[in-house]
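Letter by letter, the sequence shown follows residues -29 to -1, 1 to 494 of mature numbering (1 follows the signal peptide of the UniProt record, and there is no 0).
In this text, a Cβ means the ideal position worked out from N, Cα and C, and glycines have one as well.
One structure is given here, and the rest of the page talks about it.
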Amino acid sequence: MSKNKRKKAGKWGTALLVTSLLIPTAAGAAAFLYGDANGDGVVNLKDVTELRRQLSSGDIELNDQNRGLNVNADGSVNLKDITHLQRYLAGGWDIELPTAPEEPDTPEVPDTPALSDDLSGYEVISTSTSENQVVCTALRYGSSTLGRDLVCWSIQQGEYSRTLLLNFEIHGWEDEYATDGQLLVDLGNALVKYFSEAADLKGCRLLIIPSCNPDGLEEGTTNNGFGRCNANGIDLNRDFDASHQVYTSARNYTAAPFSAVETQAMRDLVLASSPSVVIDFHGWENCTIGSADLAEVFSLHVGINHKNVLTSNAHGYFSYWAQLQGAEALLVEFKNSASLVTEDVIRSMEDIISGNYGQNQSDYELDSVYGEWKDIQCYTLSSEKVYVQPEVGASGTSYGYIDGGSDLCTISQIYSNGWCKVKYPAGSAGYTKTGYCRLSEFIDANTAVTPYQASVGETVKVYKTSGGDVQLGSVWSTDTFTAIAEKGGMAQIIYPLDSGGYKMGWIDAGKIQDLKKKGVMHK
């Protein structure tokens, strides 16, 4: 805005009395107009009268509401401002009024619909938008057997590229105490609240179902029938069309795929929204089943062991059916009610939302030498316990340990800080856990060499240790492997497996026929 200024009279010495002056302003450009004491949008003699009236009881303390009265810009409102305003209006004094600062334009917020197009056919129960423009909408995706609303919360922040569906309480009664499924409902609602107020959803849309089986929770009576199951006695987590099997027991009853209205509604919601990640939360078996990459997040943050991938043995499971539809799926079984900590689950979900898990984990810089290798099966150098940590740099003995005498581990990432991420046996047979330990537990820095590509001219046995006592497998003349250490006539190597991934072991160094180091052949 240009300064408001009245010049002196011309050479004839004539002064013009200005009785009314309309100051042009851009609409909404300034919050106030200096000199406009009566607030009518015009600076004139009426404002002199109003200013005199306001000062009749003495000077006025300056604040944000009356700063337009300080027309001489001396930091106070007093009789001098009346004189200044009179002279400004009279002209001929070569004085000006201060210019009010322009207020920044308020950015237009795009009108985000309550639901994306793929869910627009569902009934909206309620919707709200946070200050971070996260739209949180409760939709009714169906009705339970007894007529209760089946509610899903859609949480998104503008455009999204991934949809994550989280399901809770498919069993109203789990196996710790009566109606313990309420803990899962509470967890689901806590996640709705937290992520509806999030600063950045990283281009993800969340679909959260806090209570999948409301009838079982509200009116059920047992964990071996109605309670665990729906009001018709159907186990919803055996009722999906995924390697479906007829069960006649009260605990797992299902006669045909999608025989429950609850599973039909979930089926339609998943098919409509095409989630890329589906996680189904249960209690209390202390394991995860499904995606190993998703599982490691819950291993690190919640301490849950990973049991297996989802296969055709998961008869009628919701998570297995979701996997067959193309989702990365995981069934999460918390250890017990005491181990269910909302903050730990939030940390897990934040990693998944940001894509910071599995081979895409980016918390630590990959090692420039070893970082290219992933999923290396190996044994520790020590035959004693090797303690694993929940994060790089930690110490202690409470998180878990590798039995160096027998545990076959898998290194999934090797970092430049000398640590590695490792999966190791834990809990029941076949279960694994993810943690961190120093790379020196597997590769001795004192025997390490600059890695070089190598091959052999015949089939050579691979051993567990440099002592050559326990055979792990063999390398063939057609294999190309990498030598990483040398000790006592043996070479520690990383070699490829036919099934995918790699394995670490020791071979007779004298059997290495060709060396390929930095592209040069050595003999």
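Residue 193 has 198 as its beta-bridge partners, per DSSP. Approximately 6 Å separates the beta-carbon atoms of residue 178 and residue 123; this is inside 8 Å, confirming the contact.
Boundaries of the alpha helix (DSSP H) around residue 267: 263 to 273.
The stretch 313 to 329 makes no contact with the stretch 432 to 447; the number of CB pairs closer than 8 Å stays below 3. Judged by beta-carbon spacing, residue 211 lies within the 9 Å limit of residue 228, meaning their Cβ atoms are closer than that value. Rounded to whole angstroms, the separation of the alpha carbons of residue 432 and residue 457 is 16 Å. In the structure shown, the three-state DSSP call for residue 55 is helix.
Look at residue 221 here: in three-state DSSP terms it is coil, with no helix or strand label.
Spanning the alpha carbons of residue 62 and residue 11 requires a straight line of approximately 21 Å. C-alpha of residue 261 to C-alpha of residue 131: approximately 25 Å in a straight line. For residue 353, the closest C-alpha among the options 175, 241, 435, 160 is that of 435.
Secondary structure at residue 252: strand, using DSSP grouped into helix, strand and coil. The three-state reading of DSSP puts residue 166 in helix, counting H, G and I together. Following the DSSP letters along the chain, one finds residue 236 inside the alpha helix (DSSP H) bounded by residues 232 to 244. Rounded to whole angstroms, residue 459 and residue 437 show a C-alpha spacing of 7 Å. Beyond the five residues adjoining it in sequence on each side, residue 121 comes within less than 7 Å, by CB distance, of 111, 112, 113, 114, 115, 233, 236 in the same chain, given in chain order.
Per the coordinates, the alpha-carbon of residue 95 lies some 13 Å from the alpha-carbon of residue 88. Here residue 466 is near residue 450, since their CB atoms are less than 9 Å apart. Contact fails between the stretch 414 to 431 and the stretch 393 to 400, because fewer than three Cβ pairs, one in each stretch, are under 8 Å apart. Within the same chain, 336, 338 come within 6 Å of residue 387 by CB-CB distance, once the 5 residues on both sides are set aside. Taking 4 residues as the minimum length, the stretch 376 to 418 contains no alpha helix (DSSP H) run wholly inside it. Distance between residue 356 and residue 376, taken at the CA atoms: about 8 Å. Membership of residue 178 in any alpha helix (DSSP H) is not indicated; the residue belongs instead to the beta strand (DSSP E) covering 175 to 180.
Judged by DSSP in its simplified three-state form, residue 205 adopts coil rather than helix or strand. Residue 167 places its beta carbon 9 Å or farther from that of residue 97.
In terms of Cα proximity to residue 183, the closest of 172, 136, 225 is 136. Taking 8 Å as the upper bound for CB-CB distance, residue 289 and residue 139 are not in contact here, some 11 Å apart. For residue 289, the uninterrupted alpha helix (DSSP H) run begins and ends at 289 to 295, by DSSP.
Counting along the chain, residue 458 sits inside the beta strand (DSSP E) bounded by residues 452 to 458. Secondary structure at residue 186: helix, using DSSP grouped into helix, strand and coil.
For residue 111, DSSP records a beta bridge to 94, 122.
For residue 359, the enclosing beta strand (DSSP E) stretches over residues 356 to 359. Distance between residue 414 and residue 391, taken at the CA atoms: about 11 Å.
Secondary structure of residue 445 (DSSP, three-state): strand.
Going by DSSP, residue 22 is part of the alpha helix (DSSP H) stretching over 16 to 25. DSSP, reduced to helix, strand and coil, places residue 160 within a helical segment of the structure shown.
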